[in-house]
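Numbering (numbering that gives the first Met the number 0), first residue to last: 0 to 236.
Cβ atoms here follow ideal geometry from the backbone N, Cα and C, with glycine treated the same way.
The structure appears below as structure tokens.
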Amino acid sequence: MEAYSILAKYYDVLMKDFDYDGYIKFISPYVKNEAIDLCCGSGVMSIALSKMGAKTIAVDNSQEMLNIAKQKAKSEREDITFICNDIRKFTPIHKVDTVTCVCDGINYIPQKDISKLFQSIANYIKEGGYFIFDISSEYKLTKILASNIFCEDTDSATYIWSNKLHNNRLHMDLAFFENAGNGLYKRIDEEHDQYVHCNEDLLRELYKYFKVNVYDGTNYKQFENNSNRALFVCERI
């Protein structure tokens, strides 16, 4: 099944431990008049950008995720433009001040496409504007997630998540078991691929267009070799 076809339904439950509040507070100084939220997912960051006063466009290639994000924005009374598109193909009609890509969006981009993607993003950010994104670090994907199996039982569903690392690609198999009533469960399978990006390779491309600082994406301090998440704050030059 296509990625996020079923995961979209449970995404916010499974991401309950992600520190959105801390993340939003940390990046707030870099958010200006107009913003684009790439790989917007369920819309948490898009809504936050809009609440900061930025006219916001949210982009994701999963219609299921966008449907959830739209409902959230409507309930929060935030006027956000939602677009279903692959971020590698998306081009806005004019330049903006801030671009975000939160919660591993860049990990879904193969290494061969990174250079062209960063060039495209740089082209639609105003001078002095910011590109802010994070990745699951090389350490996390290769030392923690690779070849491991994770399980969780929630009130709404149970899932089993198994991972296999092939070169620099982490293949994820997710099996969801939904309560169908009468003691029965319906199994739904979904597959994801994330790519291992080392900071040095990303910085090599980013430095062509940006001044860059890299932080630990969990405590917002200096990035360490064993940090699980790398947060890049890139100023357009």
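Leaving out five residues before and five after residue 109 in sequence, what residues of the same chain have Cβ atoms less than 6 Å from its Cβ? Closer than 6 Å at the Cβ level, and outside the excluded window around residue 109, lie 194.
So, residue 231 versus residue 131, is the Cβ gap smaller than 8 Å? Between residue 231 and residue 131, the gap from beta carbon to beta carbon is short of 8 Å.
Sorted by chain position, which residues of the same chain lie with C-beta nearer than 8 Å to residue 112's C-beta, five sequence neighbours on each side aside? 87, listed in sequence order.
Taking 8 Å as the threshold, find out whether the stretch 161-177 comes into contact with the stretch 213-233 through three or more Cβ pairs. As far as the Cβ criterion goes, the stretch 161-177 does not touch the stretch 213-233, which means the pair count is below three.
On the CB-based measure, 16 or more other CB atoms within 10 Å of its CB, does residue 23 come out buried or exposed? The residue is buried, with at least 16 neighbouring Cβ atoms inside 10 Å.
Is it true that the CB of residue 65 sits closer than 8 Å to the CB of residue 83? In this structure, residue 65 lies closer than 8 Å to residue 83 by Cβ.
Should residue 105 and residue 196 be called a contact, given that it needs their Cβ atoms to be closer than 8 Å? With contacts defined as CB atoms closer than 8 Å, residue 105 and residue 196 qualify as a contacting pair.
With H, G and I counted as helix, E and B as strand and the rest as coil, what does DSSP make of residue 168? The three-state secondary structure of residue 168, taken from DSSP, is strand.
State the Cα-Cα distance for the pair residue 48 and residue 54, rounded to the nearest angstrom. Distance between the alpha carbons of residue 48 and residue 54 is about 8 Å.
Starting from residue 57, trace the beta strand (DSSP E) in both directions and tell me its first and last residue. That run of the beta strand (DSSP E) goes 54-59.
Quick test of your reading: residue 101 and residue 34, contact by CB under 8 Å. State the CB separation rounded to the nearest angstrom. With 8 Å as the limit, residue 101 and residue 34 do not qualify as a contact, their Cβ atoms being about 12 Å apart.
Taking the straight line between their C-alpha atoms, what separation do you get for residue 137 and residue 144? Their Cα atoms are separated by approximately 10 Å.
Element boundaries [beta strand (DSSP E), containing residue 128]: From DSSP, the beta strand (DSSP E) with residue 128 extends over 124-135.
Work out the CA separation of residue 189 and residue 0 for me, nearest whole Å. Its pLDDT being 47, under 50, residue 0 is placed unreliably by the model, and nothing is read from it.
Pick from 45, 99, 89 and 59: whose alpha carbon is nearest that of residue 76? For the residues 45, 99, 89 and 59, the minimum Cα distance to residue 76 belongs to 45.
6 Å Cβ shell around residue 103 - same chain, five flanking residues per side excluded: Counting only Cβ-Cβ distances below 6 Å, and skipping sequence neighbours, we find 135.
Please check the pair residue 170 and residue 200, which I expect to be a contact at CB under 8 Å, by giving their CB distance rounded to whole angstroms. Contact flag wrong, Cβ pair sits at about 20 Å.
How should residue 12 be labelled, buried or exposed, when 16 other C-beta atoms within 10 angstroms of its C-beta is the threshold for buried? Exposed: under 16 other Cβ atoms inside 10 Å.
With distances taken Cα to Cα, identify the nearest neighbour of residue 147 among 173, 122 and 157. For residue 147, the closest C-alpha among the options 173, 122 and 157 is that of 173.
Taking just the CA atoms, how far does residue 19 sit from residue 91? Whole-angstrom Cα-Cα distance: 26 Å.
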